[in-house]
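These notes concern the structure reproduced below.
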Amino acid sequence: MNVFRISADLLHLLSIFILLLKMQKTRSVAGISFKTQLLYTIVFIARYLDLFESHAEKSFELVTLYNIVMKIIFISSSVYTLYLMKKKFRATYDPNTDTFRIEYLLALCLFLALMFNYRFTVMEVLWTFSIYLEAVAILPQLFMLSRTGEAETITTHYLFALGFYRAIYLLNWIWRFHMEDYVDWIVWISGAVQTALYSDFFYIYYKKVLHGEKFVLP
Amino acid sequence: RDEKNVKDEL
Numbered sequence: 458m459n460v461f462r463i464s465a466d467l468l469h470l471l472s473i474f475i476l477l478l479k480m481q482k483t484r485s486v487a488g489i490s491f492k493t494q495l496l497y498t499i500v501f502i503a504r505y506l507d508l509f510e511s512h513a514e515k516s517f518e519l520v521t522l523y524n525i526v527m528k529i530i531f532i533s534s535s536v537y538t539l540y541l542m543k544k545k546f547r548a549t550y551d552p553n554t555d556t557f558r559i560e561y562l563l564a565l566c567l568f569l570a571l572m573f574n575y576r577f578t579v580m581e582v583l584w585t586f587s588i589y590l591e592a593v594a595i596l597p598q599l600f601m602l603s604r605t606g607e608a609e610t611i612t613t614h615y616l617f618a619l620g621f622y623r624a625i626y627l628l629n630w631i632w633r634f635h636m637e638d639y640v641d642w643i644v645w646i647s648g649a650v651q652t653a654l655y656s657d658f659f660y661i662y663y664k665k666v667l668h669g670e671k672f673v674l675p
Numbered sequence: 316r317d318e319k320n321v322k323d324e325l
């Protein structure tokens, strides 16, 4: 655990908090892509299946407890978000702007996970699938943003925190590479792709929102 | 990457 990793995780938590705050405060899920939220839920469940494995034989360190708590928070908050979007605030969701075809993303990531993984076991392929899927899970949301052309400020704060947390993970990996000889190509390449997908968004967020303007696409 | 393939990140 280093300062980059912990900051990134806290920023990820903050992004989830902002999203829940946005929905509760405005009592609306307008501007939020259900498809992206669904993909994140699939990502968390596929990746954190190890929660259901026996922990008895693992050495129990503080970081293990930390990971377990975070995994439970990520899974439960993403399922809760789906509930809010599909039930509680359903009337405020506009499916006509959320039209990205996630079937292709799911199929592509499954194919890549079957082809490029560290070990060909069910758990390992699902973990790899979740890494690839997380990298592209924001695409329906960015697509929705480009269709509507503008976003509420709180929604842009959510997206910024969500994108920036992965950017800080890049620093964490550089740090770990130097300090621990840690190497993980699957995670590194996916993380770089994930961060790159946000570059346009980061630019507009910096140009407009940070200068007190509304987020409007040029 | 070591043989145990420890996944200690989230």
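Protein sequence lines correspond, in order, to chains A and B.
According to the working numbering, the first sequence is numbered sequentially starting from 458.
According to the working numbering, the second sequence is numbered sequentially starting from 316.
No residue lacks a Cβ here, since even glycine has one placed at the ideal position from N, Cα and C.
If you run the structure through DSSP and keep just helix, strand and coil, what is residue i?
i: A/Ala592; result: helix
i: A/Val673; result: strand
Report the residue from the options whose alpha carbon sits nearest the alpha carbon of residue i.
i: A/Val650; options: A/Ala618, A/Tyr497, A/Ile588, A/Asp507; result: A/Ile588
i: A/Leu478; options: A/Tyr537, A/Ile525, A/Asn459, A/Leu508; result: A/Tyr537
i: A/Phe474; options: A/Leu619, A/Arg462, A/Lys664; result: A/Leu619
i: A/Leu567; options: A/Met580, A/Leu590, A/Tyr550, A/Val640; result: A/Leu590
i: A/Ile661; options: A/Pro675, A/Phe517, A/Val500, A/Asn459; result: A/Pro675
i: A/Glu560; options: A/Leu654, A/Leu470, A/Leu506, A/Ala594; result: A/Ala594
i: A/Leu470; options: A/Ile532, A/Ala653, A/Met601; result: A/Ile532
i: A/Tyr615; options: A/Phe672, A/Tyr550, A/Asn574; result: A/Phe672
i: A/Trp645; options: A/Asn629, A/Lys482, A/Met636; result: A/Asn629
i: A/Ser603; options: A/Asn524, A/Ile489, A/Met480; result: A/Ile489
i: A/Tyr550; options: A/Ile525, A/Phe491, A/Phe557; result: A/Phe491
i: A/Ser464; options: A/Phe621, A/Ala570, A/Leu541, A/Val640; result: A/Phe621
i: A/Gln481; options: A/Pro552, A/Asp555, A/Ser472, A/Leu541; result: A/Leu541
Which stretch, first to last residue, makes up the alpha helix (DSSP H) that contains residue i?
i: A/His668; result: No alpha helix (DSSP H) contains A/His668, which DSSP labels as neither H nor E.
i: A/Glu637; result: 610-637
i: A/Asp466; result: 460-483
i: A/Phe491; result: 491-504
i: A/Val486; result: From DSSP, A/Val486 is part of no alpha helix (DSSP H); its letter is neither H nor E.
i: A/Gly648; result: 642-654
Note down, in chain order, every chain B residue with its Cβ under 8 Å from the Cβ of residue i.
i: A/Val520; result: Asp323
i: A/Trp584; result: Lys322
i: A/Asn574; result: Neighbours of A/Asn574 on chain B: none; closest Cβ ~11 Å, over 8 Å.
By the criterion of Cβ-Cβ separation under 7 Å, what are the contact partners of residue i in chain B?
i: A/Met527; result: Leu325
i: A/Asp466; result: Leu325
List, in chain order, every chain B residue whose beta-carbon is nearer than 9 Å to that of residue i.
i: A/Asp657; result: Simply none; closest approach about 26 Å.
- Enumerated in chain order, which unbroken segments of the alpha helix (DSSP H) with a length of 4 residues or greater are wholly contained in the region 526-581 of chain A? Segments of the alpha helix (DSSP H) lying fully in the region 526-581 of chain A: 559-572.
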